[in-house]
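For reference, each letter of the sequence shown is one residue, going 43 to 262 in my numbering.
Beta carbons are placed, not taken as given, at the ideal position from N, Cα and C, and that holds for glycine.
All figures in this text were calculated on a predicted structure; none of them were measured in a lab.
Single-structure report; data block below.
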Amino acid sequence: MTEKEKIAEAIRKLYSRGLITLSEGNVSLRKGDGFLITPGGLRKDRVEPSHIALVSLEGKIMCGKPSSEYLLHLEIYRKRPDVNAVVHAHPPFVLSLASAEIPLKYPVLAEAVFLLGPVPILEFSLPSSMDLAAKAGEASRRHDALILENHGAVTLAPGLDLALAMMETLERTAEVLWRGLLLGKVKLLGRTQVEELLALRSRYGLPPRDWRPEDFLWSL
Ligand SMILES: [Zn+2]
43 MTEKEKIAEA IRKLYSRGLI TLSEGNVSLR KGDGFLITPG GLRKDRVEPS HIALVSLEGK
103 IMCGKPSSEY LLHLEIYRKR PDVNAVVHAH PPFVLSLASA EIPLKYPVLA EAVFLLGPVP
163 ILEFSLPSSM DLAAKAGEAS RRHDALILEN HGAVTLAPGL DLALAMMETL ERTAEVLWRG
223 LLLGKVKLLG RTQVEELLAL RSRYGLPPRD WRPEDFLWSL
C-alpha cells in the first residue's frame, strides 16, 4: 500500500468509526522535507489517494489542495522531529467531556496511561488559525495527544497506525469515563500502577516521555 493509499484509508476509517463527520478531520504523514495530507473541501468518505496534497516544512503547498488545518500539522512536524504521523478528529465522547470541563487526565484505562499520558485541553482558538497551530505545536513538545477546546483532538506518533490507534484509545477512555460518571463510580488506577504502566513504553517500542504520576489527576 502506498503512503497516499494509507492516508486515504485512515481518513475513511475515522469517518466509519464515528470519530469525524463528512466534513471534519484530517490526517497527515511526513514525507521527506514535508508532509502528505488529506484534502480540504471533499467528503471524507470519498477521499482517494489522488486527492492527497503535499506541503513543505516551509509551509509551501507543493501539490493538491491541503486541508485548511494544515498549519497545525506543519507546526507539530516542525516541533517534533520524531513524529511522522498526525491525526486530527472530532471524537464525540472526548468533546462532550471537554465541553463539560471534565479533563482527560484521570488514569482510568491502562493502555491510555502509557500511550496517551495526561492529555491537556488547549484553550480555544479558531479552527485553521495560526494561533491554534502555534498552541498545538507548543503543547506537542510534552504531549502526544491534545484536546482542542470546543473543537476536537489531535494524536501524533512515529507511525500512522499508532496515531490512529491513539485516537481510538482517547475516545474509548472518554467513553468509559463518561459511563462511569453516569454510574456514579469510577475506580482510578493507583500511583504505583501508573509508574509501572509508564515504564511499559519502552517494551512497546515507544519513545520515552517525561510524564510522571503528578501530571495525572487523582480525584474526580
Ligand atoms: Zn477540526
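Reduced DSSP secondary structure (H/G/I, E/B, other) of residue i
{"i": "Ser70", "result": "strand"}
{"i": "Thr197", "result": "strand"}
{"i": "Gly222", "result": "helix"}
{"i": "Ile62", "result": "coil"}
{"i": "Gly106", "result": "coil"}
{"i": "Gly76", "result": "strand"}
Cα-Cα separation, residue i to residue j
{"i": "Arg278", "j": "Glu238", "result": "It is not possible to answer for residue 278, since the shown part of the chain is limited to 43 through 262."}
{"i": "Gly106", "j": "Gly159", "result": "35 angstroms"}
{"i": "Ser70", "j": "Ile103", "result": "14 angstroms"}
{"i": "Leu248", "j": "Leu84", "result": "34 angstroms"}
{"i": "Ala52", "j": "Glu66", "result": "13 angstroms"}
{"i": "Thr211", "j": "Leu113", "result": "25 angstroms"}
Inter-residue CB distance, residue i and residue j (contact presumed, cutoff 8 angstroms)
{"i": "Ile163", "j": "Ala140", "result": "5 angstroms"}
{"i": "Ile79", "j": "Ala50", "result": "Incorrect: roughly 11 angstroms between the Cβ atoms, too far for contact."}
{"i": "Val155", "j": "Val218", "result": "The pair is not a contact, with the Cβ atoms about 13 angstroms apart (cut-off 8 angstroms)."}
{"i": "Ala131", "j": "Leu56", "result": "5 angstroms"}
Assigned exposure category for residue i - 16 Cβ within 10 Å defines buried
{"i": "Ser138", "result": "exposed"}
{"i": "Arg221", "result": "exposed"}
{"i": "Ser167", "result": "buried"}
{"i": "Ser92", "result": "exposed"}
{"i": "Arg88", "result": "exposed"}
{"i": "Pro133", "result": "buried"}
{"i": "Thr215", "result": "buried"}
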